[in-house]
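Asker: Below you'll find the structure I mean.
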Amino acid sequence: MADSPAIPVDTIERQRRASHPATSAWVSANAGSGKTHVLAQRVLRLLLAGVAPSRILCLTFTKAAAANMSIRVFRDLAGWTRLDDAALRAAIAETGAPVPTQAGGAAALDEARRLFARTVETPGGLKIQTIHAFCERLLHLFPFESNVPARFEVLDDLRAADLLLRAREVVLARALREPGSTLGRGLAALTGQVSVTTFEGLIGEALGHRHLVRDALREARDYDGLLGSLRGALGLAPGETPATVAAAMVEDGMPWADWAATARTLGADGGGPGKTGNRLMAAFDAPEGRQAEAYLDVFLTAKREARAATYLPKSLRTKEPALCDALDGEQLRLLGLVARRKAAETAERTAALMAVAGAILDHYDTAKRRRGLLDFEDLVERTRNLLATSSSAWVLYKLDRGIDHILVDEAQDTSPEQWEILRAVSDEFFAGAGRGPQNRTFFAVGDDKQSIYSFQGARPDMFDTMRRHFADRALGAEKPFAGVDLVLSFRSAAAVLRAVDRVFAHGPNGRGLTHDDGGPQPHVPLKKLPGLVEVWPAVTAQPQPEPGDWKLPVDVVEPGDPPVVVARRIADAIHQLCRPGSGETVEDNRTRGRRPVRPGDVMILVRSRNSFFEAVIRACKERGVPVAGADRLALTQHIAVMDLVAAGRAALSPADDFTLACVLKSPLIGLDDDDLIALAPGRTGTLVAALGTSPEPRHRVAHDRVERWRSLSAWLTPFAFYTRLLGADGGRRALLGRLGPEAGDAIDEFLALTLAHERDGAPSLMAFLARLDGVDLSIKRDMEAAGDAVRVMTVHAAKGLEAKIVFLPDTCAVPSGRHDPALFGLDERPGAAESGLIAWSPRGDADAERVAEARRLTRQRAVEEHNRLLYVAMTRAEERLVIAGFCGEKGPGDGSWYAMVAAADLPLDPAPAPWDPAETVMRMSDPMPDGAAAAGAPVPGPAPVPDLPDWLLRPPAVEEEPDLPPVRPSNPLGAADQAGPTAWPYIDRTRSTDRKQAAAAGRLMHRLLQYLPDVPSERRAAAAERFLAAQGATLDADRRAALQAQALAVLDDPALAPLFGPQSRAEVAVTAAVRLPSGRVVDVTGQIDRIGVTDDAVHVVDYKTGTPGDLTPKQVLQLALYRAAIEPLYPDHRIRTHLAWTASGDVVEVSAGECANALETMG
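Sequential numbering of the sequence shown, starting at 1, is according to UniProt numbering.
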């Protein structure tokens, strides 16, 4: 195993300053610089400093981040319990905490060993959670003060979508019944301006600003008040409407009576509209309803911009200067009125939208309140309101007595509303009792360069704003505060980091990455790796001839389409990298040596899940490259779910020929087009009837299956129906066989929806399918658990992940106005939560002046986030980064990622392209460092199968009649129970008094130690986390994290390698006739929890719940029987027996002498 590179002293010092338990700190950490390590370090140092676990609050952005941090902390604490004094001192020294001295330090070391148990057993435990989980806990503590239902539940996505759909239907129905009401008028105003699909998105966007909608309606009290507020915000006078502005256009300028004479002066000749005089005469003759628009045509263009000065000829300006000056003044006046009309129209359509959205919100809130539910936005909003009300003093006082240290992860992704909560809680640290002598700190770590979640409310400017706020508060209270920058990359090779630095050092490329004038800090690599950066030529679209085959679908993918070309090139490149004998290697994270490239080393990042996303997954599959599939699945649009929905509908309505035809062609039944052609065209009745009368056996089988589904649908619940369809009928096997293993996630989530439906309402199949129609759900797949397969995902989803080799192909698009929101804030302030009014503007040419400024700011922020996304994408790569692109005939757009990389002028050299040596790519690389192995150790294969034992080939000996019934040591000792207590003195009949949770934890630990050894070490943590989340739902998060840490610590212990290495096996059944020292023979039947075989020894492990103590006779006897049972199988090996305690992870060896004594006692 190669040594890890030494960490520079400067970096260690920075980490220790950031993790000092007595100092508040703000850490700005480059990508890959070990921020999670610093967070865990700080928690460990707080615990070592004597801080009670319950007084530490760690807040993370996602549940996965919280789980990862918990694992790190508990793994270290669990490891400390088994270290000797010298090793423990070294471990404590690594955290930066004071090391107990040789003299008198024994008590401190014992205390460090006890931290694991204390952290696990403390009521409430170590709180490592998301901000939403913290808010939920706070609201449960103070339901009366926060005005929430006691014992409320948090809405899941399905129920939230369902309640919103029902609220929308009820409100729209009421508006249609009452067209003269405010709601009815609002809906009429909306439907006159938007389509059905636009309306859905618009209402959804308005509900995303729910607190602004509620606040505006509450303050306005009624519709007229809301209109007045909007008019004031947009610079209009009270009562100013589009109609009054239009009237002012005609009435307040040039008198209408003078229009005709002026037109003649301007040369009106009755001809076309090209002359100003003719336009003015047309306005004079226009009907009253069209007059204002006709009058604007005289002075303004169709876009309602000022006409060029030549609208009045130069000769006329010389001849009639006074008239021309008056007309120029009229042009300016009309320009101002056009702007006022836009503002008036904005006010009216926004008020209409807010009236409808507010009514939907009211109904949605009422439905939640009746059911005792809150959604995720409610959690933040209610907590924020709780801490801002008159009762906040009491709440903060109670919190202040329970939290001494707050740690915030991913601070750049925390929204302004969430910062208000954190500020309210933590400001008490620096005021009142917080100014006292006790140590109370606030810690935050993040990277404003990686703030990419604006759609969730994150604002990168808040990172610097809150840093200054907490620094001022700490220094004002005379408390120490440290600002720390972490720049050393533990992830990426030098070549990758040089490319990152040069790309973002180039002028406009760095815009939005930081909020100071210094620009991004340069990255410093730790690892000496053979890095590589490749830039492939962008594939541009070529003019395509008309397709010759008119029968092709209109959306057929042509082989020459640029996205398809790039996708196939990437698939070919990955295939070559992973080909046996290719010579391509990457660093092994465990051994630090070089090993061959595997598909799991590759990540392909895209901007969005577009057609290229599907194309590259398809290309990898066609090339035979293992690929994990999509990182996020639109559930109701996934083909497996569509097949299941169609099967349910066909069961309910077999006469629906189209639906039945879809099911027949699906993997659930497996017919094809030829079958449908044979059945459908000549049928006289329904398709199901044609199936039943067909002479083909497979058609009759399909008919019988559909009829069985129809019968089952009448009385089975949705879950039972689909369980039968997927299980006994082979549906899951058929779907996975055709669609691949990734379809399993969609199927599992679909089944979860059936259960959720049965909890909420009538468990009928028809009601479930109807409910599913109105919801749009997506599921996020765990790509860290993708196994040895290529990961294809968006840059947003890849945040926090890394890969040896990263392909970045979707690089030629630029931010555009097509993605502008429909709603814009009118009162945005830097460093503050969203507040004030919002305005709806469907397009840029309809913008009022304040909306136009808000749109400009929105687009500027989109460009800045576009730049930050490229930073996140490039820094996912450890050793190799490949940048490609596809675009239209004009090439990559200005400001695209491809153009940003090209503008950086990287020191690239030409090299043969991997898809065609005749073509060229540009490459920047670092050679293999001195001393690095060119090829890694061989990939471990399956454990060899041992030779058959001699006794298997010998004729059986005459067996003696056993004196006792068969002994089952794992049962435990069933024969002993039958023989009575006097014959079996080692039976302990006392029942366990452990609580249910302790028993559940023991069972889970048993299974972790059973299955995890077969999982590659680098994937064990993710596998354990998934297993505990699925099987350990009754345990709290801290207990699950502790179990995971214990199990991993046991498996990583070098001293225990023979027990859990590749030559070990779990759950080994054993049956043998064992001769006791007295000569009697007993049959032993049992299951050994684990056996490990080495060159000279066989290790037998039996798992026990509870914690280590004195060995009981029963435990020793069980191992003695196992030992005696397997000794004849391994005559040349030493048998070693062990007990593994699942509650603590300790492993104790039971000697051969102890086992022999136990057998002697049995007689």
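For glycine and all other residues, C-beta sits at the position ideal for the given N, C-alpha and C.
Going by DSSP, what residue range makes up the beta strand (DSSP E) through Lys-621?
Answerer: By 1-based counting over the sequence shown, the position of residue 621 is 621. Where Lys-621 is concerned, there is no enclosing beta strand (DSSP E), although the alpha helix (DSSP H) it sits in stretches over 611–622.
Asker: Distance, Cα to Cα, Thr-11 vs Ala-31?
Answerer: Within the sequence shown, numbered from 1, the residue matching residue 11 stands at position 11. Within the sequence shown, numbered from 1, the residue matching residue 31 stands at position 31. Between Thr-11 and Ala-31, the C-alpha separation is close to 15 Å.
Asker: Residue ranges of each alpha helix (DSSP H) run of no fewer than 4 residues wholly in the segment 113–186, ordered along the chain?
Answerer: 131–141, 143–146, 157–177
Asker: Would you list, in sequence order, the uninterrupted alpha helix (DSSP H) runs of no fewer than 4 residues that lie entirely inside the segment 676–732?
Answerer: Assignment of alpha helix (DSSP H) within the segment 676–732, counting only whole runs of 4 or more residues, yields 687–693, 697–713, 718–726 in chain order.
Asker: Hey, is the segment 308–315 in contact with the segment 187–201, meaning 3+ C-beta pairs nearer than 8 Å?
Answerer: no
Asker: Starting from Thr-1137, follow the beta strand (DSSP E) in both directions and report where the run begins and ends.
Answerer: Position 1137 of the sequence shown, counting from 1, holds the residue named residue 1137. Run containing Thr-1137: 1134–1141, per the beta strand (DSSP E) assignment.
Asker: DSSP three-state label for Thr-636, please.
Answerer: Residue numbering aside, residue 636 sits at position 636 when the sequence shown is read from its first letter. DSSP places Thr-636 in helix when its eight states are reduced to three.
Asker: Measuring CB atoms only, is the segment 338–346 touching the segment 135–149, in the sense that at least three cross pairs come out at less than 8 Å?
Answerer: With the cut-off at 8 Å, the segment 338–346 and the segment 135–149 do not touch.
Asker: Between Ala-640 and Ala-746, how many whole angstroms is the CB-CB distance? I'm expecting something under 8 Å.
Answerer: Position 640 of the sequence shown, counting from 1, holds the residue named residue 640. Position 746 of the sequence shown, counting from 1, holds the residue named residue 746. Sure, about 5 Å apart at Cβ, within 8 Å.
Asker: For Ala-411 and Phe-144, what's the separation of their Cα atoms in angstroms?
Answerer: Taking the first residue of the sequence shown as position 1, residue 411 is located at position 411. Taking the first residue of the sequence shown as position 1, residue 144 is located at position 144. Taking the straight line from one Cα to the other gives about 30 Å.
Asker: Are Val-535 and Ala-495 close, meaning C-beta to C-beta below 8 Å?
Answerer: Your numbering for residue 535 matches position 535 in the sequence shown. Your numbering for residue 495 matches position 495 in the sequence shown. No, Cβ-Cβ distance for Val-535 and Ala-495 is not below 8 Å.
Asker: Measuring alpha carbon to alpha carbon, tell me which of Glu-13, Ser-764, Val-51, Ala-567 ends up nearest Pro-21.
Answerer: Mapped onto the sequence shown, residue 21 falls at position 21. With distances taken between Cα atoms, Pro-21 lies closest to Val-51.
Asker: Tell me which residues share the same chain as Thr-723 and place their Cβ nearer than 8 Å to its Cβ, disregarding the 5 neighbours each side in the sequence.
Answerer: As a working mapping, residue 723 is identified with position 723 in the sequence shown. Excluding residues within five positions, the ones whose Cβ falls inside 8 Å are Leu-751.
Asker: What does the alpha-carbon distance come out to for the pair Leu-857 and Val-487?
Answerer: Residue numbering aside, residue 857 sits at position 857 when the sequence shown is read from its first letter. Residue numbering aside, residue 487 sits at position 487 when the sequence shown is read from its first letter. The straight-line gap separating the alpha-carbon atoms of Leu-857 and Val-487 is approximately 31 Å.
Asker: Tell me whether Ser-24 sits in a helix, a strand or coil according to DSSP, three-state version.
Answerer: The count along the sequence shown starts at 1 and reaches residue 24 at position 24. The answer is strand: DSSP assigns Ser-24 an E or B state.
Asker: Under the three-state reduction of DSSP, which class applies to Ala-1073: helix, strand or coil?
Answerer: The count along the sequence shown starts at 1 and reaches residue 1073 at position 1073. Reduced to three states, the DSSP call for Ala-1073 is strand.
Asker: From the DSSP output, in three-state form, read off Thr-101 for me.
Answerer: As a working mapping, residue 101 is identified with position 101 in the sequence shown. Assignment of Thr-101 by DSSP, reduced to helix, strand and coil, places it in the coil class.
Asker: Is the number of C-beta pairs between the segment 556–576 and the segment 522–530 that are closer than 8 Å three or more?
Answerer: no
Asker: Does the segment 805–825 come close enough to the segment 868–878 to have 3 or more Cβ pairs within less than 8 Å?
Answerer: yes
Asker: Between the Cα of Thr-383 and those of Arg-440, Ala-854, Glu-420, Gly-893, spot the shortest distance and give me the residue it belongs to.
Answerer: Position 383 of the sequence shown, counted from the start, is the residue given in the question as residue 383. It is Glu-420 whose Cα lies nearest to the Cα of Thr-383.
Asker: Between which two residues does the alpha helix (DSSP H) containing Leu-77 stretch?
Answerer: Along the sequence shown, one-based indexing puts residue 77 at 77. For Leu-77, the uninterrupted alpha helix (DSSP H) segment begins and ends at 63–80.
Asker: Which residues share a DSSP beta bridge with Lys-1104?
Answerer: Taking the sequence shown and counting its residues from 1, one reaches residue 1104 at position 1104. According to the DSSP secondary-structure assignment, Lys-1104 is paired through a beta bridge with Trp-1141.
Asker: Check whether the segment 156–171 touches the segment 754–773, counting contact only when three or more Cβ pairs, one atom from each stretch, lie closer than 8 Å.
Answerer: yes
Asker: At the level of alpha carbons, what is the spacing between Pro-313 and Pro-815?
Answerer: In the sequence shown, residue 313 corresponds to position 313, counting from 1. In the sequence shown, residue 815 corresponds to position 815, counting from 1. So the two alpha carbons sit approximately 42 Å from each other.
Asker: According to DSSP, is Val-597 helix, strand or coil?
Answerer: Counted from its first residue, the sequence shown places residue 597 at position 597. DSSP places Val-597 in coil when its eight states are reduced to three.
Asker: Take Val-196 as the anchor and find which of His-211, Leu-172, Arg-218 has the nearest alpha-carbon.
Answerer: Translated into the one-based positions of the sequence shown, residue 196 becomes position 196. For the residues His-211, Leu-172, Arg-218, the minimum Cα distance to Val-196 belongs to Leu-172.
Asker: Reducing DSSP to helix, strand and coil, say where Pro-626 ends up.
Answerer: Numbered from its first residue, the sequence shown carries residue 626 at position 626. Coil at Pro-626, not helix or strand.
Asker: First and last residue of the alpha helix (DSSP H) that includes Trp-897?
Answerer: Numbered from its first residue, the sequence shown carries residue 897 at position 897. Residues 897–903.
Asker: Suppose you measure from the CA of Gly-457 to the CA of Gln-418; what does that come to, to the nearest Å?
Answerer: Indexing the sequence shown from 1 puts residue 457 at position 457. Indexing the sequence shown from 1 puts residue 418 at position 418. Their backbone Cα atoms lie some 9 Å apart in a straight line.
Asker: For Glu-153, collect the residues of the same chain with a Cβ closer than 7 Å to its Cβ; drop the 5 residues on either side in sequence, then sort them by chain order.
Answerer: Taking the sequence shown and counting its residues from 1, the one referred to as residue 153 is at position 153. Gly-372, Leu-373.
Asker: Cα separation between Gly-980 and Val-1093?
Answerer: Within the sequence shown, the letter at position 980 stands for residue 980. Within the sequence shown, the letter at position 1093 stands for residue 1093. The predicted position of Gly-980 is uncertain, since its pLDDT is 35 and thus under 50; a value taken from the coordinates is nonetheless stated next. Approximately 36 Å, taken between the alpha carbons.
Asker: Hey, how far is the Cα of Ala-1073 from the Cα of Glu-1127?
Answerer: Numbered from its first residue, the sequence shown carries residue 1073 at position 1073. Numbered from its first residue, the sequence shown carries residue 1127 at position 1127. Their Cα atoms are separated by approximately 12 Å.
Asker: Keeping to the same chain, check which residues put their C-beta closer than 8 Å to that of Val-663; ignore five residues upstream and five downstream.
Answerer: Counted from its first residue, the sequence shown places residue 663 at position 663. Around Val-663: Asp-643, Ala-646, Ala-647, Ala-650, Ile-669, Val-706.
Asker: Contact check, Val-1101 vs His-1138 under 8 Å by CB: the rounded distance?
Answerer: Counted from its first residue, the sequence shown places residue 1101 at position 1101. Counted from its first residue, the sequence shown places residue 1138 at position 1138. Taking a contact as a CB-CB distance under 8 Å, the pair Val-1101 and His-1138 counts as one, their CB atoms being some 5 Å apart.
Asker: Would Val-380 and His-132 qualify as a contact pair, given that the criterion is a beta-carbon distance under 8 Å?
Answerer: If you number the sequence shown from 1, residue 380 lands on position 380. If you number the sequence shown from 1, residue 132 lands on position 132. Yes, these two residues count as a Cβ contact at 8 Å.
Asker: To the nearest angstrom, how far is it from the Cα of His-506 to the Cα of Lys-303?
Answerer: For the purposes of this step, residue 506 is identified with residue 506 of the sequence shown, where counting begins at 1. For the purposes of this step, residue 303 is identified with residue 303 of the sequence shown, where counting begins at 1. Looking at the two C-alpha atoms, the distance is approximately 37 Å.
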